[in-house]
Amino acid sequence: MSRTSRTEEGRGRLGSVLSGVAVALGCVLFLGGFAWGAIVYQPYTVPTDSMSPTIAAGDRVLAERIDGSEVERGDVVVFKQASWGNLPMVKRVVAVGGDTVACCTDGKLTVDGKKIDEPYLPKGAEAESTTIPAIEVPKDRLFLLGDERSGSLDSTAHLTEAGSGTVPRGAVSARVDAVAWPMNGMLARPTGFETLGGISDPGPLRLVLTAVVVGGVLVLGGAAYGPIANRAGRRRGRTGAREQALAG
Numbered sequence: 002m003s004r005t006s007r008t009e010e011g012r013g014r015l016g017s018v019l020s021g022v023a024v025a026l027g028c029v030l031f032l033g034g035f036a037w038g039a040i041v042y043q044p045y046t047v048p049t050d051s052m053s054p055t056i057a058a059g060d061r062v063l064a065e066r067i068d069g070s071e072v073e074r075g076d077v078v079v080f081k082q083a084s085w086g087n088l089p090m091v092k093r094v095v096a097v098g099g100d101t102v103a104c105c106t107d108g109k110l111t112v113d114g115k116k117i118d119e120p121y122l123p124k125g126a127e128a129e130s131t132t133i134p135a136i137e138v139p140k141d142r143l144f145l146l147g148d149e150r151s152g153s154l155d156s157t158a159h160l161t162e163a164g165s166g167t168v169p170r171g172a173v174s175a176r177v178d179a180v181a182w183p184m185n186g187m188l189a190r191p192t193g194f195e196t197l198g199g200i201s202d203p204g205p206l207r208l209v210l211t212a213v214v215v216g217g218v219l220v221l222g223g224a225a226y227g228p229i230a231n232r233a234g235r236r237r238g239r240t241g242a243r244e245q246a247l248a249g
């Protein structure tokens, strides 16, 4: 066997090894990303326009499974409250235990006397269509509003109930990170609440998607590289053999 043919065989074996490694790594990332996403996130279809324009009726969202103790102001959460109905609902947290919430001052919601900038509201809409009297949110409870304030059955519709329309933190099961369908992407960060303290960081959705995409690329690329490398090696081998024959 000539040196050329041995070299080409070595290259072919190396190509097969690299192809196998890429496919194996790609499978781990691809399947691992899906498994990670299934553990961390739950999908939910929003039934109404109460969160428009952030989330429209029929939109499919991805919500990170969290404990209610992790909820911060500005979060869009999925929760269940018996007095509000038996189905999961999606609303925005505008105040937490110890806050005093009211509306409106110069057309804006106030929390602890600070006017809150809410760019997620419908363009030209005021912070609330009705007056919210100053309400001190009880400890470990949340005051929630829909982004479509004029048509949302939120805390303002339950002000006469115990807790003045608030819900316990334990009612929250997840925090919405993104609108998956239609693909509107990650929700904008509610920076208007930063003057009151910290706001939540996004969940690991971007890392999950990166793992899935990179894994898919490695699987497809690795699966294609092996045959291409072998075909190229055989072509070079035939060319080398012809050249040697002509030289001889």
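Under my numbering, the first residue of the sequence shown is numbered 2, with each subsequent residue one higher. Note that the Cβ used here is the ideal one computed from N, Cα and C, for glycine as well.
Assignment of A96 by DSSP, reduced to helix, strand and coil, places it in the strand class. Less than 7 Å separates the beta-carbon of I56 from that of V180. Note that the C-beta distance between V78 and V94 is below 7 Å.
About 7 Å separates the CB atoms of V138 and G99; that is less than 8 Å, so the two are in contact.
With 16 or more other Cβ atoms inside 10 Å of its own Cβ, T157 counts as buried. Annotation for Y121: T55 and D148 place their beta carbon closer than 6 Å to its own, counting only its chain and skipping 5 residues before and after. Distance from the CA atom of V102 to the CA atom of E129, rounded to whole angstroms, is 12 Å. Going by C-alpha positions, G164 is about 48 Å away from G216. Rounded to whole angstroms, the separation of the alpha carbons of L188 and K92 is 13 Å. For the beta strand (DSSP E) assignment, the uninterrupted runs of no fewer than 3 residues enclosed by the region 109-182 are, from N- to C-terminal side, 109-112, 133-137, 142-146 and 173-182. The C-alpha of P44 lies about 25 Å from the C-alpha of T192.
Residue pairing by DSSP places A103 opposite T111 in a beta bridge.
Going by beta carbons, G199 and D178 fall outside the 7 Å limit.
Distance from the CA atom of D118 to the CA atom of T161, rounded to whole angstroms, is 27 Å.
Pairing A39 with T106, the inter-Cα distance amounts to about 43 Å.
Secondary structure of G198 (DSSP, three-state): coil.
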